[in-house]
Amino acid sequence: MYSEITSNKRKTVLMMFIFVLFVSGLGWLFGKYSGSPMITPFILLAALIYTVIMYYSGGKFSLAVNRAHEIKKADNPRLFRIVENLAITEGLPTPKVYIINDPAPNAFATGRDPKNAVVCATTGLLDIMDDQELEGVIAHEMGHVKNYDIRVAMVAFAMVAIVGILADIMLRMAWFGGGKRDDNGGGGGNQIFFLLGIVAAVLAPIIATLIQLAVSRKREYLADATGALATRYPEGLASALAKIEKSGSVMRRQNTTTAHFFFANPLKGSSVTSLFSTHPPIAERIRRLREMEAHA
């Protein structure tokens, strides 16, 4: 289990580093393409400000759009007991507990750090899971809290949004004559950046989203390993995943911006390839957990 956690942390740090380089490179290209290279530092500063805003407000946003409501211990002693026990086991402050009124079995965690964490479960999850399975799911979400996964997810989401904005501006500039700035000769360089701008505008959002999804998948594997380590019973989480695979995890209220926060994919299936899924295949998650159990 420890090797699984270490490996996923290392891979995630590498992907986030690549993501930062990608956003920085796009900012530089935007400055060259617009004919104002000095604008690049301002683009990066704006990106940083936007990321900070998302860092502080992203948790409240994710709770609001999914219509989650806070509960007290008397409202659901079973869920509270599991959350409190796992917080003690992990040496973390007890997070606030929220519930979403939805029959689909699912859960998510949010908050910028363990002191401001929230764990949220659907009514469907509480209905179909036994205590060991529910503990496995909540341990997974507490793993996200312990590993600061929500911070990573919010930063990645902010970067994807920034890439989308820059790409959209570049595409509009290209469409409305961005390549006609070379009337006084020396237009070869401008033409090159004009073409690069179009390519970047088309490919940048796709590449950024792929990197975000890769980060999200790695964090899910990491949270599975962390949760299994906390409970010392990987089969509880594996059994919960098997139930969710059978019953489905699609939420009634669909929201693509927060889908990557959830324990299992809350969105309806489509013809889009699994390459664009925010979650790794459930079967693969179960296989890894049972492999951990076999080598425990």
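Be aware that the sequence shown starts at 335, since it is given in my numbering, and climbs by one per residue. Ideal placement from N, C-alpha and C gives every residue a C-beta, glycine not left out.
Taking residue 362 as the centre and dropping the five residues before and after it, the same chain places the C-beta of 374 closer than 7 angstroms to its C-beta, in chain order. A distance below 8 angstroms separates the beta carbons of residue 463 and residue 574.
Taking each of 446, 471, 348 in turn and checking the Cα distance to residue 387, the smallest one comes out for 446.
The continuous stretches of beta strand (DSSP E) do not include residue 394, which lies in the alpha helix (DSSP H) extending over residues 374-399. The DSSP-derived three-state label of residue 452 is strand.
At a cut-off of 3 residues, the continuous stretches assigned as beta strand (DSSP E) that sit fully inside the region 427-505 are 430-434, 441-444, 452-456.
For residue 568, the enclosing alpha helix (DSSP H) has its first and last residue at 568-581. Taking 8 angstroms as the cut-off, the beta carbon of residue 585 is found closer than this to the beta carbon of residue 436.
A direct Cα-to-Cα measurement between residue 441 and residue 502 gives close to 34 angstroms. Around the beta carbon of residue 583, a 10 Å sphere encloses 16 or more other beta carbons of the protein chains shown; the residue is thus reported as buried. One alpha carbon belongs to residue 543, the other to residue 494, and they sit about 6 angstroms apart. In the three-state scheme derived from DSSP, where H, G and I count as helix and E and B as strand, residue 597 is classed as coil.
Taking each of 602, 598, 629 in turn and checking the Cα distance to residue 615, the smallest one comes out for 598.
Here the alpha carbons of residue 459 and residue 433 stand approximately 10 angstroms from one another. The continuous alpha helix (DSSP H) containing residue 419 extends over residues 411-424.
For residue 403, DSSP records a beta bridge to 433.
For residue 439 and residue 360, the gap between their C-alpha atoms comes out near 39 angstroms.
In this structure, the alpha-carbon of residue 551 lies about 20 angstroms from that of residue 389. When secondary structure is reduced to three states using DSSP, residue 612 falls in the coil class, being assigned neither helix nor strand. Sequence-distant partners of residue 588 (beyond 5 residues in either direction) whose C-beta falls short of 8 angstroms from its own C-beta, in its chain, are 600, 601, 602. Secondary structure at residue 354: helix, using DSSP grouped into helix, strand and coil. The shortest CA-to-CA distance from residue 596 to any of 500, 372, 555, 448 is the one to 555. DSSP places residue 366 in the helix class (H, G or I) of the three-state scheme.
For the 8 angstroms CB-CB criterion, residue 478 and residue 557 form a contact.
Residue 418 places its beta carbon 8 angstroms or farther from that of residue 480. Residue 529 has its alpha-carbon roughly 12 angstroms from the corresponding atom of residue 366. Around the C-beta of residue 483, 16 or more other C-beta atoms lie within 10 Å, and the residue is accordingly described as buried. Of the residues assessed, residue 376 falls on the exposed side of the cut-off, its CB having fewer than 16 other CB atoms within 10 angstroms. Judged by beta-carbon spacing, residue 444 lies beyond the 8 angstroms limit of residue 500, meaning their Cβ atoms are not closer than that value.
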